[in-house]
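S.K.:
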Amino acid sequence: MSKVIDGKAFAEKVRGEVSKQVDWLKSNHSITPGLAVVLVGEDPASQVYVRNKGKQTVEVGMNSYEHKLDTSVSEAELLALIDKLNNDDSVHGILVQLPLPDHIQEAAVIDAIDYRKDVDGFHLTNVGLLNTGGEGVVPCTPLGCIMMLKDRLGSLSGKNAVVVGRSNIVGKPMAALLLKESCTVTIAHSRTQDLAGVCKEADILVAAVGRPEMIPGDWVKPGAAVIDVGINRIERDGKNKLVGDVDYASCEAVAGAITPVPGGVGPMTIACLLHNTVQQAARQKGVELPA
Ligand code: GUN
74 MSKVIDGKAF
84 AEKVRGEVSK
94 QVDWLKSNHS
104 ITPGLAVVLV
114 GEDPASQVYV
124 RNKGKQTVEV
134 GMNSYEHKLD
144 TSVSEAELLA
154 LIDKLNNDDS
164 VHGILVQLPL
174 PDHIQEAAVI
184 DAIDYRKDVD
194 GFHLTNVGLL
204 NTGGEGVVPC
214 TPLGCIMMLK
224 DRLGSLSGKN
234 AVVVGRSNIV
244 GKPMAALLLK
254 ESCTVTIAHS
264 RTQDLAGVCK
274 EADILVAAVG
284 RPEMIPGDWV
294 KPGAAVIDVG
304 INRIERDGKN
314 KLVGDVDYAS
324 CEAVAGAITP
334 VPGGVGPMTI
344 ACLLHNTVQQ
354 AARQKGVELP
364 A
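74 is the number of the first residue of the sequence shown in this note's numbering; add one for each residue after it.
1) Just checking Asp59 against the ligand GUN - is the residue's beta carbon closer than 7 angstroms to any of the ligand's heavy atoms?
2) Out of Asp276, Ile177, Glu179, Thr198, which has the shortest C-alpha to C-alpha gap to Leu222?
3) Would you say Val237 and Val279 are within 8 angstroms of each other, going by their C-beta atoms?
4) Going by the beta-carbon positions, is the gap between Val319 and Glu274 smaller than 8 angstroms?
5) Provide the residue span of the beta strand (DSSP E) that contains His140, from first to last.
6) May I ask you to report which of helix, strand or coil DSSP gives Arg239?
7) Is Gln170 near the ligand GUN, in the sense that its beta carbon is under 7 angstroms from a heavy atom of that ligand?
8) Cβ of Asp193 within 8 angstroms of Cβ of Leu173?
9) Thinking C-beta only, is Gly329 closer than 8 angstroms to Ala354?
10) Going by alpha carbons, who is nearest to Ala269 out of Gly217, Asn159, Asp291, Gly303?
11) Would you list the one or two residues that DSSP bridges to Ala280?
12) Starting from Leu112, follow the beta strand (DSSP E) in both directions and report where the run begins and ends.
13) How close, in whole Å, do the beta carbons of Thr342 and Gly217 come, if the pair is a contact with beta carbons under 8 angstroms?
14) If you follow the beta strand (DSSP E) that Asn160 is part of, which residue opens it and which one closes it?
15) Could you give the DSSP three-state label for Lys314: helix, strand or coil?
16) What's the gap between the Cα of Leu362 and the Cα of Cys345?
17) What are the partner residues of Arg306, as DSSP defines its beta bridges?
18) Less than 8 angstroms between the C-beta atoms of Lys190 and Val211, yes or no?
19) So is Asp96 buried or exposed if we call it buried at 16+ other beta carbons inside 10 Å?
20) Let's see if you can read the secondary structure: which residues bound the alpha helix (DSSP H) around Ala344?
21) In whole angstroms, give me the CA-to-CA distance for Met74 and Leu251.
22) Using only the alpha-carbon positions, how far apart do Val282 and Ser228 sit?
23) Heavy atom of the ligand GUN less than 7 angstroms from the Cβ of Tyr122, yes or no?
24) Does at least one heavy atom of the ligand GUN sit under 7 angstroms from the Cβ of Cys20?
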């Protein structure tokens, strides 16, 4: 088996499963799941994400609703739109693309989304459910990582997992998911002493720091599974290039399994968003999806 974990192929498989679940909801319960995405402003990276989300939502048979707002929109206007979407029965998932402009408080906006329609797992209720063993929705990127790890390694129980990065979007929920799988979990970050030594203990190493090629191969335990969440644009030899948070060539040489950038974690994020949307649609209607 190749060491390389093919996130693109895995994402296709997840989308195939979501597509079947959407068909099942349509045929058996006359529900077409709907995902509303709200984009504020003109950030080019966000525009690309939102376009891809909309396209893939439709491809799996769900309805996609896009709301594009001017950068100058007030927080009150954005909250009014969220209230409308919370009360719209054709909308089962709501995603407000981050980052938001500085004059809008992200926490207030996330909290305004009905947690039953939250598909990012950012709402405090879903954060709480994840950390107390409840049935909530899980942030898309960590969910994609855990799916790939379980697929490749089987049981994760008892393994040493090190997550480098402590963001609310990736690092913390990733650690919670690994703990749920009975790993021994360490969250390392920029202030960690002897980061190299900590990483070297990891059977599972998740890099989510947002610093290009920061982790070299000699920080990796031979045979470890390396999950690279980083997507960094750099210029090399006069060309633009996408690289992860790990130095791929040297890490690949020692790892037992590794996700590439691009084509690893990235494609899984939108696939997991679609997964979360169909799950939320089923939960809202009180129906159990077939496995
Ligand atoms: N911006 C970049 N990635 C994401 C994501 O997964 N969810 C939201 N809401 N905003 C993002």
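Glycine included, every Cβ here is placed at the ideal spot set by N, Cα and C.
M.R.: For this structure:
1) The structure shown does not extend to residue 59, since the chain is modelled only from 74 to 364, so the question has no answer here.
2) The residue you call residue 222 lines up with position 149 of the sequence shown. Checking every option, the nearest Cα to that of Leu222 belongs to Asp276.
3) Within the sequence shown, residue 237 is the residue found at index 164, counting from 1. Within the sequence shown, residue 279 is the residue found at index 206, counting from 1. Yes, the Cβ-Cβ distance between Val237 and Val279 is below 8 angstroms.
4) By one-based count along the sequence shown, residue 319 stands at place 246. By one-based count along the sequence shown, residue 274 stands at place 201. Not closer than 8 angstroms, so no.
5) As a position in the sequence shown, residue 140 is number 67, starting the count at 1. Looking at the DSSP string, the run of the beta strand (DSSP E) that includes His140 is 136-142.
6) Locating residue 239 in the sequence shown gives position 166, where the first residue counts as 1. Note: Arg239 maps to coil in three-state DSSP.
7) Counting from one through the sequence shown, the residue named residue 170 turns up at place 97. Yes.
8) Taking the first residue of the sequence shown as position 1, residue 193 is located at position 120. Taking the first residue of the sequence shown as position 1, residue 173 is located at position 100. No; because the gap between Cβ atoms is not below 8 angstroms, this pair is not in contact.
9) If you number the sequence shown from 1, residue 354 lands on position 281. If you number the sequence shown from 1, residue 329 lands on position 256. No, the pair does not count as a contact, with Cβ atoms beyond the cut-off.
10) Here the question's residue 269 lines up with position 196 in the sequence shown. For the residues Gly217, Asn159, Asp291, Gly303, the minimum Cα distance to Ala269 belongs to Asp291.
11) Here the question's residue 280 lines up with position 207 in the sequence shown. Per DSSP, Val237, Asp301.
12) Your numbering for residue 112 matches position 39 in the sequence shown. Taken as a continuous stretch (DSSP letters only), the beta strand (DSSP E) holding Leu112 covers 107-113.
13) As a working mapping, residue 342 is identified with position 269 in the sequence shown. As a working mapping, residue 217 is identified with position 144 in the sequence shown. 6 angstroms between Cβ atoms; contact.
14) Sequence index remark: in the sequence shown, residue 160 carries index 87 (1-based). Counting along the chain, Asn160 falls outside any beta strand (DSSP E), and DSSP gives it neither H nor E.
15) In the sequence shown, counting from the first residue as 1, residue 314 sits at position 241. Three-state result, Lys314: strand.
16) Here residue 362 refers to the residue found at position 289 of the sequence shown. Here residue 345 refers to the residue found at position 272 of the sequence shown. Each residue's alpha carbon lies about 16 angstroms from the other.
17) Against the sequence shown, residue 306 aligns to sequence position 233. DSSP, once it has assigned bridges, lists Leu315 as partnering Arg306.
18) Locating residue 190 in the sequence shown gives position 117, counting from the first residue. Locating residue 211 in the sequence shown gives position 138, counting from the first residue. The answer is no: Cβ separation not under 8 angstroms.
19) As a position in the sequence shown, residue 96 is number 23, starting the count at 1. Exposed, since its Cβ has fewer than 16 Cβ neighbours within 10 Å.
20) Residue 344 sits at position 271 when you count from the first residue of the sequence shown. 338-358 is the span of the alpha helix (DSSP H), which, as asked, contains Ala344.
21) The count along the sequence shown starts at 1 and reaches residue 74 at position 1. The count along the sequence shown starts at 1 and reaches residue 251 at position 178. Cα to Cα, Met74 sits roughly 24 angstroms from Leu251.
22) Here residue 282 refers to the residue found at position 209 when the sequence shown is read from its first residue. Here residue 228 refers to the residue found at position 155 when the sequence shown is read from its first residue. Distance between the alpha carbons of Val282 and Ser228 is about 26 angstroms.
23) Taking the sequence shown and counting its residues from 1, one reaches residue 122 at position 49. Yes, Cβ of Tyr122 sits closer than 7 angstroms to a heavy atom of the ligand GUN.
24) Nothing can be reported for residue 20, as the shown portion of the chain is limited to 74 through 364.
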